[in-house]
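Engineer: Before I ask anything, let me first share the structure, which is written out below as structure tokens.
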Amino acid sequence: MSETIFDLQREEDAFAVVEQRLQISRREFMQFCAAVAATMGLPAGAEAAVAKAIEQAQRPSVIWLHFQECTGCSESLLRAEHPTLEKLILDVISLDYHETLFVAAGHQAEAARKSAMQAHKGKYVLVVEGAIPVKENGIYCKIGGKTAVDLVKECAADAAAVIAIGSCASWGGMPSTGPNPTGASSVAEVLGKPVVTIPGCPPSPYNFLATVVHFLTFGKLPEVDQLGRPKFAYSRLIHDNCERRAHFDAGRFAIEFGDTGHRQGYCLYKLGCKGPETFANCPTQLFGDAGPGTWPVGCGHPCIGCTEKGVGFAKPIHQTAVLKNVVPPLSYPRIVEEQGGTSFAAAAALAAIAGAAAGGAAMLAKNLGKQAEDGKPGTPATNQKAD
Ligand code: FSX
Ligand code: SF4
Ligand code: F3S
Numbered sequence: 006m007s008e009t010i011f012d013l014q015r016e017e018d019a020f021a022v023v024e025q026r027l028q029i030s031r032r033e034f035m036q037f038c039a040a041v042a043a044t045m046g047l048p049a050g051a052e053a054a055v056a057k058a059i060e061q062a063q064r065p066s067v068i069w070l071h072f073q074e075c076t077g078c079s080e081s082l083l084r085a086e087h088p089t090l091e092k093l094i095l096d097v098i099s100l101d102y103h104e105t106l107f108v109a110a111g112h113q114a115e116a117a118r119k120s121a122m123q124a125h126k127g128k129y130v131l132v133v134e135g136a137i138p139v140k141e142n143g144i145y146c147k148i149g150g151k152t153a154v155d156l157v158k159e160c161a162a163d164a165a166a167v168i169a170i171g172s173c174a175s176w177g178g179m180p181s182t183g184p185n186p187t188g189a190s191s192v193a194e195v196l197g198k199p200v201v202t203i204p205g206c207p208p209s210p211y212n213f214l215a216t217v218v219h220f221l222t223f224g225k226l227p228e229v230d231q232l233g234r235p236k237f238a239y240s241r242l243i244h245d246n247c248e249r250r251a252h253f254d255a256g257r258f259a260i261e262f263g264d265t266g267h268r269q270g271y272c273l274y275k276l277g278c279k280g281p282e283t284f285a286n287c288p289t290q291l292f293g294d295a296g297p298g299t300w301p302v303g304c305g306h307p308c309i310g311c312t313e314k315g316v317g318f319a320k321p322i323h324q325t326a327v328l329k330n331v332v333p334p335l336s337y338p339r340i341v342e343e344q345g346g347t348s349f350a351a352a353a354a355l356a357a358i359a360g361a362a363a364g365g366a367a368m369l370a371k372n373l374g375k376q377a378e379d380g381k382p383g384t385p386a387t388n389q390k391a392d
């Protein structure tokens, strides 16, 4: 009995710390724990493990490099209202080097990068945004007198984890479009080893945040597919969860932009939609916290396959897609569902040891809370109904 009271008191104290530090309610906090566990593909009940991790928040140092890109990846994080990038920086990670957000410049910025690498040797997370040009010994992209090739190798050498954010860093993206005059290459190609990739141009900020929270909670990155993409976000074809799918199945297509079919929300396959050959959670995760329909197809434009190597920036936008593995939508459950690789027991143990995730938890709680307010369920793969 006394043990139970002790445990309850300890839990009360932990919640009080969380409530004060992150300024969220207990309800939001627990909603977050459930949401992040579900986002990461953990089994029911794992939210308790995530909750436990919150008590000992430790912000890992993050070094963020920019190469050949448009900065849309950072922009998409800045536009993620729940959480905001500011919250991410303050509560989840210690962003010790980020060229476009840094006040420091020149030698000062270089010194900050070097001192962060030295102080957190073997422990920092390296995030790379942008492709890396390898032609002519890498002269097409230089920062502080060093080529992107040399910089990424130097920074990756002592990193605990490397995350390639955006299609450019993941597989070359737009800069690698033929004839690829600079030899724009992916992080994995340059380092000669696989890294976690969050493709998309720009990628969903939530896919990046959930990946970081997974690392903080469990001390390791999430399970990935053969292209390095977290399975929790990239295991299903867009076509499988698209709200226009019923029109595809019924043979109702928009033939031209602005025609009757287009105005009635018919399927965009004949306008070149690459949903049938592109793996991503865009139709279920959505973008910009702005409510239903906020993704390319939802706005009436065909998916261009921006997350998919060999599709985005490789195939003509209006060329019809290859139909791949077409399966029924989520309303007809698959016999075998994709799950993250961490068992509940391992999750609980790892969470107890790693004990971080506090800020990330708060963010996703807020996100979930907002979704609940909007009347949308709080986890991915939810909001669809046929037009
Ligand atoms: Fe690439 Fe991200 Fe596209 Fe842009 O930077 S994935 S061009 S959104 O900025 O790297
Ligand atoms: Fe949706 Fe595109 Fe598939 Fe049509 S082809 S159902 S618009 S993903
Ligand atoms: Fe990109 Fe297609 Fe999603 S264009 S953002 S993968 S809907």
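Numbers 6 to 392, taken from my numbering, label the letters of the sequence shown in order. The C-beta atom is built at its ideal place from N, Cα and C for all residues, glycine as well. As the structure is a prediction and not an experimental result, all values here were calculated from the model.
(1) Rounded to whole angstroms, what's the CA-CA distance from residue 204 to residue 257? Just pull it up for me.
(2) On the criterion of 16 or more Cβ atoms from any shown chain inside 10 Å, does residue 307 qualify as buried, or is it exposed?
(3) Ligand 3 heavy atoms versus the CB of residue 68: any closer than 7 Å?
(4) So what does DSSP say about residue 141, is it helix, strand or coil?
(5) Within the continuous alpha helix (DSSP H) that includes residue 157, where are the two ends?
(6) Going straight from the alpha carbon of residue 361 to that of residue 311, what length do you get?
(7) Following the continuous alpha helix (DSSP H) through residue 112, name the residue where it begins and the one where it ends.
(8) Ligand 3 and residue 235: does the residue's C-beta get closer than 7 Å to at least one heavy atom of that ligand?
(9) Quick check on residue 260: buried or exposed, where buried means 16 or more other Cβ atoms within 10 Å of its Cβ?
(10) Ligand 1 heavy atoms versus the CB of residue 209: any closer than 7 Å?
(11) Taking one C-beta from the segment 162-177 and one from the segment 139-149 each time, how about it: are there three or more such pairs within less than 8 Å?
(12) Pull up the DSSP beta-bridge partners for residue 134, would you.
(13) Between residue 219 and residue 304, what straight-line distance do the alpha-carbon atoms span, to the nearest angstrom?
(14) Taking the alpha-carbon positions, what's the residue 232 to residue 222 distance?
(15) Hey, how far is the Cα of residue 316 from the Cα of residue 202?
(16) Please find out if some non-hydrogen atom of ligand 3 comes closer than 7 Å to the beta-carbon of residue 283.
(17) For residue 164, collect the residues of the same chain with a Cβ closer than 7 Å to its Cβ; drop the 5 residues on either side in sequence, then sort them by chain order.
(18) With a 10 Å radius around its C-beta and 16 neighbouring C-beta atoms as the bar for buried, classify residue 328 as buried or exposed.
(19) Which same chain residues end up closer than 7 Å to residue 216 when comparing Cβ atoms and leaving out the 5 residues on each side of it in sequence?
(20) Under 8 Å Cβ to Cβ from residue 84, same chain only, skipping five residues before and after it: list those, please.
(21) Assuming residue 134 contacts residue 78 (C-beta within less than 8 Å), just tell me the rounded distance between them.
(22) Report all residues from its chain with a CB closer than 8 Å to the CB of residue 208; omit the five preceding and five following residues, and keep chain order.
(23) Which word fits residue 142, buried or exposed, when buried means at least 16 other C-beta atoms lie within 10 angstroms of its C-beta?
(24) Mapping the DSSP letters down to three states, classify residue 262 as helix, strand or coil.
(25) With 16 other CB atoms within 10 Å as the buried threshold, where does residue 166 fall?
(26) Determine the direct distance from the alpha carbon of residue 114 to that of residue 107, and round the result to whole angstroms.
(27) Consult DSSP for residue 232 and reduce its assignment to one of helix, strand or coil.
(28) Going by other Cβ atoms of all chains shown within 10 Å of its Cβ, with 16 needed for buried, is residue 111 buried or exposed?
(29) For residue 254, which of 281, 264 and 102 has the nearest alpha-carbon?
(30) Among the candidates 192, 237, 67 and 155, whose CA atom is the shortest distance from the CA of residue 48?
(31) Is the beta carbon of residue 249 within less than 7 Å of some heavy atom of ligand 2?
(32) Which term fits residue 264, buried or exposed, when burial requires 16 or more other beta carbons within 10 angstroms of its beta carbon?
(33) Following the continuous alpha helix (DSSP H) through residue 211, name the residue where it begins and the one where it ends.
(34) Let me make sure I understand the geometry here. Which of 187, 65, 250 and 179 has the alpha-carbon closest to that of residue 321?
(35) At a cut-off of 7 Å, would you count residue 399 as near ligand 1, judging by its Cβ distance to the nearest heavy atom?
(36) Any heavy atom of ligand 5 inside 7 Å of the beta-carbon of residue 244?
Structural biologist: Result, derived from the coordinates:
(1) CA-to-CA, the gap between residue 204 and residue 257 works out to about 30 Å.
(2) With 16 or more other Cβ atoms within 10 Å, it is buried.
(3) Answer for residue 68: no, Cβ out of range of ligand 3.
(4) DSSP places residue 141 in helix when its eight states are reduced to three.
(5) Where residue 157 is concerned, the enclosing alpha helix (DSSP H) stretches over 153-162.
(6) Per-residue confidence for residue 361 stands at a pLDDT of 31, beneath the threshold of 50, marking its modelled position as unreliable; the derived number appears in the next sentence. Cα-Cα distance, rounded: 32 Å.
(7) Per DSSP, the continuous alpha helix (DSSP H) segment holding residue 112 begins and ends at 111-124.
(8) Distances between the C-beta of residue 235 and the heavy atoms of ligand 3 are all 7 Å or more.
(9) With fewer than 16 other Cβ atoms within 10 Å, it is exposed.
(10) The answer is no for residue 209.
(11) No, because fewer than three Cβ pairs between the segment 162-177 and the segment 139-149 fall closer than 8 Å, the two stretches do not touch.
(12) Note: residue 134 sits in a beta bridge opposite 71 and 170.
(13) When rounded, the separation of the alpha-carbon atoms in residue 219 and residue 304 is 31 Å.
(14) Roughly 23 Å between the two C-alpha positions.
(15) If you take the alpha carbons of residue 316 and residue 202, they lie about 16 Å apart.
(16) Residue 283: yes, Cβ under 7 Å from ligand 3.
(17) Cβ contact annotation for residue 164 (same chain, cutoff 7 Å, sequence separation greater than five): 129, 130 and 131, in chain order.
(18) With fewer than 16 other CB atoms across the displayed protein chains lying within 10 angstroms of its CB, residue 328 is exposed.
(19) Result list for residue 216: 168, 201, 203, 226, 227 and 235, in chain order.
(20) Cβ within range, chain order: 210 and 293.
(21) The pair is a contact, with the Cβ atoms about 5 Å apart (cut-off 8 Å).
(22) Result list for residue 208: 78, 81, 170, 171, 172 and 312, in chain order.
(23) Counting Cβ neighbours within 10 Å, residue 142 comes out exposed, since fewer than 16 surround it.
(24) In the three-state scheme derived from DSSP, where H, G and I count as helix and E and B as strand, residue 262 is classed as coil.
(25) Burial call: buried.
(26) CA-to-CA, the gap between residue 107 and residue 114 works out to about 8 Å.
(27) Three-state DSSP puts residue 232 in coil, outside helix and strand.
(28) Residue burial annotation: residue 111 is exposed, with fewer than 16 other C-beta atoms found within 10 angstroms of its C-beta.
(29) The residue among 281, 264 and 102 with its C-alpha nearest the C-alpha of residue 254 is 281.
(30) Nearest C-alpha to residue 48: 237.
(31) Yes, ligand 2 has a heavy atom inside 7 Å of this Cβ.
(32) With fewer than 16 other Cβ atoms within 10 Å, it is exposed.
(33) DSSP places residue 211 in the uninterrupted alpha helix (DSSP H) bounded by 210-223.
(34) Nearest C-alpha to residue 321: 179.
(35) Nothing can be reported for residue 399: it is not among the residues displayed for the chain, which extend from 6 to 392.
(36) Ligand 5 is absent from the structure shown, which contains only ligand 1, ligand 2 and ligand 3.
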